[in-house]
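Those sequence lines, one after another, are chains A, B, C and D. Here the first sequence stands for residues 1 to 487, numbered as in the UniProt record's numbering. Here the second sequence stands for residues 1 to 487, numbered as in the UniProt record's numbering. Here the third sequence stands for residues 1 to 457, numbered as in the UniProt record's numbering. Here the fourth sequence stands for residues 1 to 457, numbered as in the UniProt record's numbering. For reference, the structure is listed below as structure tokens.
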Amino acid sequence: MLIHEQSRPGRRATAQAPLETADHGDLPQALRRKQRAALPEVSELQAVRHYTRLSQQNFSIDTHFYPLGSCTMKYNPRACNSLASLPGFLARHPAAPESHSQGIMACLHELQDMLKSVTGMHAVSLAPAAGAQGELAGVMMIRAYHDARGDHERREMLVPDAAHGTNPASAIMAGFKVREVPTGSNGDVDIAALRDAVGPQTAGIMLTNPSTVGVFDRSIQAIAKSVHEAGGLLYYDGANLNAILGKVRPGDMGFDVIHMNLHKTFSTPHGGGGPGAGPVGVSKRLEPYLPIPLVTQGDDERYHWLDEDDRPESIGRMTAFGGNMGILLRAYIYARMLGAEGMRRVSEFATLNANYLQARLRDAGFQLAYPERRASHEFIITLKKEAKAFDVNTMDFAKRLLDYGYHAPTTYFPLLVPECLLIEPTETEPKEALDGFVESMNKIRAEAENDPETVKQAPHSLPLRRLDDVRAARQLDVAWKPAEGTA
Amino acid sequence: MLIHEQSRPGRRATAQAPLETADHGDLPQALRRKQRAALPEVSELQAVRHYTRLSQQNFSIDTHFYPLGSCTMKYNPRACNSLASLPGFLARHPAAPESHSQGIMACLHELQDMLKSVTGMHAVSLAPAAGAQGELAGVMMIRAYHDARGDHERREMLVPDAAHGTNPASAIMAGFKVREVPTGSNGDVDIAALRDAVGPQTAGIMLTNPSTVGVFDRSIQAIAKSVHEAGGLLYYDGANLNAILGKVRPGDMGFDVIHMNLHKTFSTPHGGGGPGAGPVGVSKRLEPYLPIPLVTQGDDERYHWLDEDDRPESIGRMTAFGGNMGILLRAYIYARMLGAEGMRRVSEFATLNANYLQARLRDAGFQLAYPERRASHEFIITLKKEAKAFDVNTMDFAKRLLDYGYHAPTTYFPLLVPECLLIEPTETEPKEALDGFVESMNKIRAEAENDPETVKQAPHSLPLRRLDDVRAARQLDVAWKPAEGTA
Amino acid sequence: MPFIPHTDEDITGMLDVIGVDSIDALFDEIPKELRAKELAGVPSGLSEMEVTQLLQARARIDGEPTCFIGAGAYDHHIPAAVWQITTRGEFYSAYTPYQAEASQGTLQVLYEFQSMMTALTGLDVSNASLYDGASALAEAVLMAVRANRKVKTTRVLMPRSVHPFYRRTVRSIVQHQGIDLVEVDFDTETGQTTLAHCETAGDEPFAALVVPQPNVFGVLEDVNALTDWAQSRDALVIGVVNPVALALLSPPGDWGQNGADIACGEGQPLGMPLASGGPYLGFLCCQQAFIRQLPGRIAGKTEDVDGKVGYTLTLQAREQHIRRSKATSNICTNQGLLVTAATVHMAILGAEGLERVAAACLANTDRLAQQLCEVPGVEPIFEAPAFHERALRLPAPTEDVLAALAEQDILGGFDLGREYPELGCALLVCATERRTDAEIAAYREALASTLAIAEAA
Amino acid sequence: MPFIPHTDEDITGMLDVIGVDSIDALFDEIPKELRAKELAGVPSGLSEMEVTQLLQARARIDGEPTCFIGAGAYDHHIPAAVWQITTRGEFYSAYTPYQAEASQGTLQVLYEFQSMMTALTGLDVSNASLYDGASALAEAVLMAVRANRKVKTTRVLMPRSVHPFYRRTVRSIVQHQGIDLVEVDFDTETGQTTLAHCETAGDEPFAALVVPQPNVFGVLEDVNALTDWAQSRDALVIGVVNPVALALLSPPGDWGQNGADIACGEGQPLGMPLASGGPYLGFLCCQQAFIRQLPGRIAGKTEDVDGKVGYTLTLQAREQHIRRSKATSNICTNQGLLVTAATVHMAILGAEGLERVAAACLANTDRLAQQLCEVPGVEPIFEAPAFHERALRLPAPTEDVLAALAEQDILGGFDLGREYPELGCALLVCATERRTDAEIAAYREALASTLAIAEAA
Ligand SMILES: Cc1ncc(COP(=O)(O)O)c(C=O)c1O
Ligand SMILES: Cc1ncc(COP(=O)(O)O)c(C=O)c1O
């Protein structure tokens, strides 16, 4: 039942609004609202009960193993939330003067430094609000760089076919044309194809390494060389940074720009779809273009903002107030708890878990997409064999996993592997969770063989059975509306 | 699965203990622990996931209608929790000097005053930790009063048969003998029997009004007169204060002592069984005996504690540190949000809800225990008709209600009404919840008639079916123990 | 190992299964020469206790100033229930609801949010959030250019009365997509964008007109006239609105003859703490006709195989993960958790509660402006009716005045003069419902003495 | 109406069904003359915003002093997860699990708590909490007298080294049940209760001996000798223990030849904030033989009709709601929510984590005592090994010194001299793992200058 359906005219959570009725008599009639908005009218208990019960209908890290590939669903330390919510942090207005902002600025400045160190980049801006915005900022900086050199012909961005959809979409937003580069059968970029693709029109390439197919591209140095020699720059999609934290740095691999998804690698909440934070790091030559604001520390040890006036070449402002500060704070807290040694452990154990799960699934007879390769922090299996044999597809497996109490891995991404599951267990899951997952996969395959309908009709144990996506798109209903004549 | 069963030797939530290993070399060997305690060894995520999922297995006010008679399960405003948890309140040590305690003391002092006003008593102590401890304090004060007057023969406490079990148990703890007083068929105390019972041995009577049978005892003035004339005092069990808040005051009814259950009337959390707070209020003649500490305000407007030294006749200290301060604070916040007018509304709407639900159930054919009477904030129905006709008892009804998403009312209490349900909807429930409850009761009766097994086997929709209480008591297992030979 | 559950035994067993003898061996595909050394810039790990002490000190260091700044972020009361619910693990630690059956909580919240936003804005459909108000405006501009089938142009009229940070953000984001942002000036008497000013943009067609309500000065624009004017020229109208103000003000869907086409804005006033600027929440609503041009996620109602109502992400073909380079936007992660907060907030306040908040802010800011204008030399800049901000002219440089006030722990407002030099020493002040009479009086006193000193100097 | 959902329409409809025409009519059985007038002492209601402002001011007013007080309540770090989980509505707003099937969350937590407490104390069974440590000791005393079948006496030996507040609470609660509390003195050199002191209680039998470990001075008692001595006289032994200390110290179940019979104490150090003294949590454990004398609730393991494991309250026949005047205690509402916090806390820390906390407290208090004793005139009072508190003798009246320190926002400790005049100017100090070196150094400086001034005066 919707909260709107629990509404009764005149019901109120009275303690929550000013009790005294203030006058607003001098608002011109023509600019006033004629009819109250049809917001629900419920008591505070009703709202609390409704949303508490709704929350219970979610799978989440705090309740379930959630091996959603590419998303790094790992434990969000609770301290990050409570410390970022200290009254002193929550109360600060974004336009408060520096005299009253030293606490948060100290955290941001240290975070900039830690991110530089961890990525091997020369400078970092925390401004972008999420990964995709970091991508946009990143490719805009590539463009600004070429433009500043008068190199206006470089309008083509290379993007591997395995790339996340945000990569081509961001390149387009920055005014580039996108050219796809194929992935070789071993999972690495097809280097010959890449060499054919580069040229004077090449602005750069957007890569993630390890890539979205879950392997570390061994020819990264050759790729870098080839793109750089053609005059292009290398963009690093940091969504997979969890795999290499403290082990190998994008800057050392030859990347010129990187964005990081702090909501992945630095474990800030995914929040049912966000918020995130997508800081960008750059090599020295791109530094002038970083999005503002930046935090700097003066000789007096005090922190200062750098904004448009201080950074005339900046690509500018990505949001009104400098980004998702509360998320940056959570990432900072997490980073301080991990420390250098903890960061290295992140990638080590993420990789251990992925390789273990990969080995166990392989041993159980599931087909790996890249059987010859090490898994990074994630890996791909393809169920095309099962799909053919039992007429049960990957989505059916995914839905049936829900019945077994596991969130499904990412399905049908990347696009180049048919019937695939992209599986990312993360470092915070215990071995028992991985073993339980394997056991469930085995059971489901047995069901697929013996009782395919059970799998095809899944889920069975959740509040709802399988939902009709087609109906949702055909008979569009995206907002509750009051019945005619009411409200 | 128990958290212990998820334990693996050497697993740690490392961020949570001091990282540096401190020395404790000089503890004498004979006093040291030989083997680590078998506490679970889990990661932080495992603990969070385990307890988050466990929590989801509870019914609670925040998730369900919970009409548990005598318990006043109403909405616990969330602000009370967050404000009582402000760092300044949480950090204060109980033995902090008055110079550093003025904030909380101001709240406690005002709470004392508000409780005086609301009960019509002369003075209040906030010390008792819950209702039962308030009762103990109350009857101890009665004893101290008689003793101080040299009236040492008064060793008998009158307790109506309908009283809550804590009443006789508390009287015994204070060294009284308990004498039961019967309830008349109209729900009021049998006044003739009472008159027979009082005498020079009478220390007092413990009453709640409205009583636990859900009606207001109309002869309260006669009762008071009769007990007082016999030289006894009147004790008011404030568990039912929600019914009369702002409408009629125990002090005005003639009571000499009262305890309040702030976790009921003042809506502090029930917490799965506690904590509570059981302040006591007294008439002037009992004031010297109040349990300590008390808060007083000096001429300098500063607050001071009154403890043993200041109050030589006090019955003393009920807990080490003066009571459940955080709960008192929550009650204070609630009281301030309600204000005088809000308090009156509490009893009005609690009573409206109870009488409405009573009327609807009566109209639906359920038998009321006291059909001639107004309900107070709660009322009793008896299912003895249904039990006889369908061989389905009150407990079966209760369990089946769980399937319908309602917590069961109190069952088999008070003892004098057979097959009874004591139903207390509270003022914070909307009419829809009451209507839904009636509908479910009707359905269950129909099931009892047509398909009694479904009712007798209930619940069906919860994670567990009906639990075996007898087995629990016979094959006692009250703590997990590590397997022999292991830690 | 913080947050890592592996025991030594686990590690050995797992390596065995994999068939390697050290974790390091798992990284053997990474060229040796690339392997990272020490992370010099990262200090060693702290325990939660230590990090708590550090952060508590940081949170304390800046004191507890009284805030009279608005300018796009507002210090409203947030019911305690809002964040206690929002931070429940099931909301906090879930991801985008790709498996609808396992995410009905999030999905229904999105649907309810969309319903509430359409109710507030008077438009047909809403998405499920964008990053913030400014980036939402950028998306709205791009969307309008795509959606306007009547005129094929990339010109968009952008009044200068739109918040300067919004205008800059829009410029950053759209600059490489050929959008031509044409600035429109405002009337320095009233602070309003008049039709006359709009006309100066010339006769060439334009795809859309942006209409802020209230505008950055707090001033109410004549939205009806502006809407009709733009639509009569085949342009779309994009309202940039404050959602709390909408409790009192005519919703974009009601503007002019036909209503605005698109509305966007900052959701922060709906239950988000100031928190230095984020995370907040951009919202974007539009008329039904444009839904396929709407960027961002959308939750839709549907049924399961038994006919039970449920919710799912819909129209995903607009999004980057399906449409890739042809998507309506690159946005992926949005502000889901803030949507949850806003939804709970609106459910608790209801329309009447929001109206009370809006009215109290209005009254408080009136009182503040009145009192400050009693200080010699301080005067209102604009005449037109305003919502809960006021532009004031000071007899001394705004920057100096603000610095002096800050020393007294009063954050006196937003320095308008820096953005609008033509207004002179201009200050934008705001007093939400949380500002008390005592705080307003203290501000007045502090301003009076500050200006007295400035004059004496 | 705050927290009341009724609309006017609801009210009318409901009154109709009841058959009365006003809410007031529902109170018509209350004699008119008893009806309350105005509630003069209760101010009008405040909105949540107003009450927030009020409470924030109250929470701030006393500053943020550094706390070196222990004396029964300890300033430990509490993992953030503990209270974020504990305050989840399903735990926070549930009642006693009378309907077991609808309360498995609470019940399993109780069972796990009992399991953890038996592990810590080395005893067989635990109840599911009492109000606090002091009232738990009172219940333990009553229980021991009931449970001791060998000697029929109501004499109980109570060392003076037991916290004075505990002794007073015990006295209040048991005074009318004929219990004879016999005080036993301590050795002023070592701070320990020796057998010689115990012997002074005379030859008469006694039902139980209370043994604090550590005692109120932080000093470790020779629990093995005391236990054997008492049990050889057919008395039961009641340990009063600090649960964090138990991570390092021999558990009551291991004391002497046969182990203590009962152990109780304050659970506050297991995840409860200081919070002015409560809500905390009393725990009570005992050997299996005494389970039917144990007061308070107990959760037990059982099965449902399908044989699935579940939990339920058990042995309720001991309790007041069944046994009424013959119950083991009058307790009903206990400290359930704190049990939840303690259980999560212990699960997160584990035995090794608790051990680290205990060791860090020990080391910190050693350091503190050492540094304070460098101040001229300050010296340790006792010689025996101690846990995380130390009794120090001051060269000036404790009360004055504490007041002077408090002015510098240092809460210097607990005034022992007030309770034990024979110790002179005595101060009990404590430094938990949260106290930093800088704070300890600051205390030392402040004490030195305070005493220097005192001497000069
Ligand atoms: C590989 C990859 N790149 C980019 C992104 C986009 O990041 P965000 O969702 O933070 O915008 C994602 C996120 O899902 C991703 O997995
Ligand atoms: C009528 C009555 N009296 C007394 C009590 C005891 O109060 P508490 O549980 O707070 O100890 C209760 C609580 O259930 C009760 O209902």
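All C-beta atoms, glycine included, are put in the ideal place defined by N, C-alpha and C.
From L394(C) to F387(C), what does the alpha carbon distance come to, in whole angstroms? 21 Å
Measure the CB-CB distance between G238(B) and A84(B) and report whether it falls below 8 Å. no
Is H77(C) close to chain D? Criterion is C-beta to C-beta, closer than 8 Å. By this cut-off, H77(C) is an interface position.
For V125(D) and I262(D), the rounded distance between their alpha carbons: Between I262(D) and V125(D), the C-alpha separation is close to 10 Å.
Residue burial classification, P409(A) (beta-carbon count within 10 angstroms, cutoff 16): P409(A) comes out buried.
In the DSSP output, which residue or residues are listed as bridge partners for H304(B)? H304(B) is bridged by DSSP to T296(B).
When you check each C-beta in the region 75 to 109 of chain B against every C-beta of chain C, which residues fall closer than 9 Å? Residues P77, R78, A79, C80, N81, S82, L83, P87.
Can you list every residue whose CB sits closer than 5 Å to some heavy atom of ligand 1, going in chain order? Listed along the chain, these residues meet the criterion: S70(A), A130(A), G131(A), A132(A), H164(A), T166(A), D237(A), A239(A), N261(A), G276(A), C332(C), T333(C).
Looking only at its chain, what residues have a beta carbon closer than 8 Å to the beta carbon of A487(B), apart from the 5 residues adjacent to it on each side? Only weak support exists for where A487(B) lies, its pLDDT of 44 falling under 50; the value from the coordinates is given anyway. Result list for A487(B): P9, Q35, R36, A38, in chain order.
Tell me which residues of the region 426 to 444 of chain D have at least one Cβ-Cβ distance to chain C shorter than 9 Å, keeping chain order. E433, R434, T436
Give the straight-line distance between the Cα atoms of L405(C) and A140(C), rounded to the nearest whole angstrom. 38 Å
Does the distance from the CB of L68(B) to the CB of H407(B) come in under 8 Å? yes
Determine which residues of the UniProt region "Disordered" (1 to 27) of chain A have a Cβ less than 8 Å from any Cβ of chain B, and write them out in chain order. Q6, R8, R11, A15
Taking 8 Å as the threshold (beta carbon to beta carbon), is T188(C) in contact with chain B? no
Using a Cβ-Cβ cut-off of 8 Å, state whether S43(A) counts as contacting chain F. In summary, chain F is missing from the structure at hand, where the protein chains are A, B, C and D.
In the DSSP assignment, find the beta strand (DSSP E) that holds G238(A) and state where it starts and stops. 233 to 238
Given 7 Å as the limit, tell me if H263(B) has its C-beta closer than that to any heavy atom belonging to ligand 2. yes
Going by DSSP in three states, P237(D) sits in which element: helix, strand or coil? Reading off the sequence shown, one finds Val at residue 237(D), where the question assumed Pro. Strand.
From H377(A), N355(A), I381(A), N353(A), pick the residue whose C-alpha is nearest to that of G365(A); which is it? I381(A)
Nearest to L392(C) by alpha carbon, out of Q56(C), P252(C), S276(C), T190(C)? T190(C)
Are the C-beta of F113(D) and some C-beta of chain A separated by less than 8 Å? no
Would you check if the region 255 to 266 of chain B and the region 45 to 58 of chain D touch, i.e. whether three or more CB-CB distances between them fall below 8 Å? no
Integer Cβ distance of residue 459(D) from G131(B), believed to fall under 8 Å: Shown here, chain D extends from 1 to 457; a query on residue 459(D) therefore has no answer.
Taking the C-alpha atoms as reference points, what is the distance between I291(C) and S440(A)? 40 Å
Whole angstroms are fine: how far does the CA of V198(B) sit from the CA of E229(B)? Their backbone Cα atoms lie some 9 Å apart in a straight line.
Span of the alpha helix (DSSP H) holding C80(B)? That run of the alpha helix (DSSP H) goes 78 to 84.
Can T208(B) be considered in contact with ligand 2, in the sense that its beta carbon sits closer than 7 Å to one or more heavy atoms? yes
First and last residue of the beta strand (DSSP E) that includes E266(C)? 262 to 266
DSSP state of K150(C), grouped into three classes? coil
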